[in-house]
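Since the structure comes first, as structure tokens, the remarks are kept for the end.
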Amino acid sequence: MTSSDPDALAAANTVAEALADPHTAWAAHRPTGGRAWPQSLAGGAAGIALLHIERARSGYGDWSTVHAWLSAAASDALTAAANAGLYLGAPALAFTLHTAAGPSGRYHRALAHLDQAVVAMTRTRLAAAHTRIEQSRRPAMKEFDLIRGLTGLGVYHLRRHPDHPITGELLSYLVRLTEPLAGRDDLPPWWTDSAPNGEPSPEFPQGHGNVGLAHGISAVLALLALAHLRGLPVRGADDAIARICAWTDRWCQHGDTGPWWPGFITLRQVREGKVAATLRPRPSWCYGVSGTARAQQLAGMALRDTARQQAAENAFLAALRDEAQLDQLTEIGLCHGTAGLLQSAWRMAADSHHPQLTAELPGLSARLIAQMGTTVRDPELLDGAAGAALALHTAGTGAAPTSGWDAFLLLA
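Following this line, the structure appears as structure tokens:
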């Protein structure tokens, strides 16, 4: 627990009040594409519901508002197809309901039904992934990433039922993902043949190795570390964590304002052995230090590698003190903006013996409040006001999220 921040809590309360009614707060301002689906964590009612769930479970909101948003989230037919993952479809709604249920018996029938779908989906995808490995083919990002892939499904299983066989099976797959592919070159086994958007591109003719937390190997690192920290024995997990860390260490850059990790690595960079300083990503959650440093901190904690943990915390602290980097975050959201930086900073400070990280939290909260202004323009969770309000609620209460909502970001 850190000190509470009344201004942050007041700002979070204001947003929550503005987003109380799904019929006016979300239906009238729905984004386009899949993000508009009610069952989307990114832009749908399932994501915005997390704000009200956290408030209700921590004693700041009411359950009638939660029920209204959950009803909106379940208002369309659920997808469990190839496009479903932690951020969309049956797994997304299951995650949201699980955060609402907590240790109570709420929503147990709905969760039991959703569990069947998510477990079946996971088994199908695990079988396909193992077949791909046996054929010595490179993975697609959507096979293993957080947003669409098996790491995201692993987040749900680890939170929902850590002792279920499917959780161990999935974590064992992640270990195997880090093992060299038979007959392949010296590129890491998670190297993909696509561009960072997951599609083939002439700009990435030999693909890339993704470092980020949203779509890359840092998500695998974070989930394996979290499983270890929760006492889940997985054969080979420590070696897998070490293999990932060795690769990220190889590509960690050391600039004038502190260490940083690239968002991705290309074959040309592998051959040249360097990454241009101009390719330093902004300090966002998805590809920047907000995500990569947290994954490194968790890895250090899991392996009891205090040097790694401290290096991650120092890299993050350097970014927080670099005004030029902070100014790159012009958005408020969890993915690309200041809210993601704030939530990661709070989690890292809570796990650190570094009082200087905690000292940066009030300034980050004030920066986010100023960016938000007085009007809620975009209600969604991932890039909008709901996510910003959740980060401010954490800072405002000075306590870890009661619902564990930020597990969907792999921050906890």
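All letters in the sequence shown, in the order written, are residues 50 to 461 by the working numbering.
Glycine included, every Cβ here is placed at the ideal spot set by N, Cα and C.
- In the DSSP assignment, Pro-251 falls outside any beta strand (DSSP E) and carries neither an H nor an E.
- Gly-304 has Gly-307 as its beta-bridge partners, per DSSP.
- Inclusion of Ala-435 and Met-421 in the CB contact set at 9 Å is not warranted, their separation being larger than that value.
- As DSSP reads the structure, His-257 sits in a beta bridge with Thr-241.
- Of all C-beta pairs linking the stretch 357–371 to the stretch 321–329, fewer than three are shorter than 8 Å, placing the two stretches out of contact.
- Taking the CA atoms as reference points, Ser-243 sits about 14 Å from Leu-236.
- According to the DSSP assignment, Ser-339 belongs to the alpha helix (DSSP H) that extends over 338–352.
- Following the DSSP letters along the chain, one finds Gln-318 inside the alpha helix (DSSP H) bounded by residues 316–321.
- Non-local beta-carbon contacts of Val-269 in its own chain, meaning distances under 6 Å to residues more than five positions away in sequence, involve Thr-200 and Leu-223 in chain order.
- Two segments are said to touch when three or more pairs of C-beta atoms, one from each, lie closer than 8 Å; by this definition the stretch 244–263 does not touch the stretch 209–226.
- DSSP lists no bridge partner for Leu-199.
- Contact between the stretch 177–185 and the stretch 107–118 is not established, with fewer than three Cβ pairs separated by less than 8 Å.
- Relative to the Cα of Pro-411, the nearest Cα in the group Arg-426, Asp-427 and Thr-443 belongs to Thr-443.
- Taking the Cα of Leu-99 as reference, the smallest distance to any Cα among Ala-348, Ala-437, Gly-447 and Arg-331 is reached at Ala-437.
- Closest in C-alpha terms to Ser-52, from the list Arg-416, Thr-407, Ile-266 and Thr-451, comes Thr-407.
- In this structure, Leu-160 keeps its C-beta atom at 9 Å or more from the C-beta atom of Arg-343.
- Following the DSSP letters along the chain, one finds Arg-416 inside the alpha helix (DSSP H) bounded by residues 410–421.
- Taken in chain order, the whole alpha helix (DSSP H) runs of length 4 or more contained in the stretch 345–398 are 355–369 and 372–375.
- Of the candidates Leu-127, Leu-137, Ala-149 and Gln-165, Ala-149 places its Cα closest to the Cα of Gly-108.
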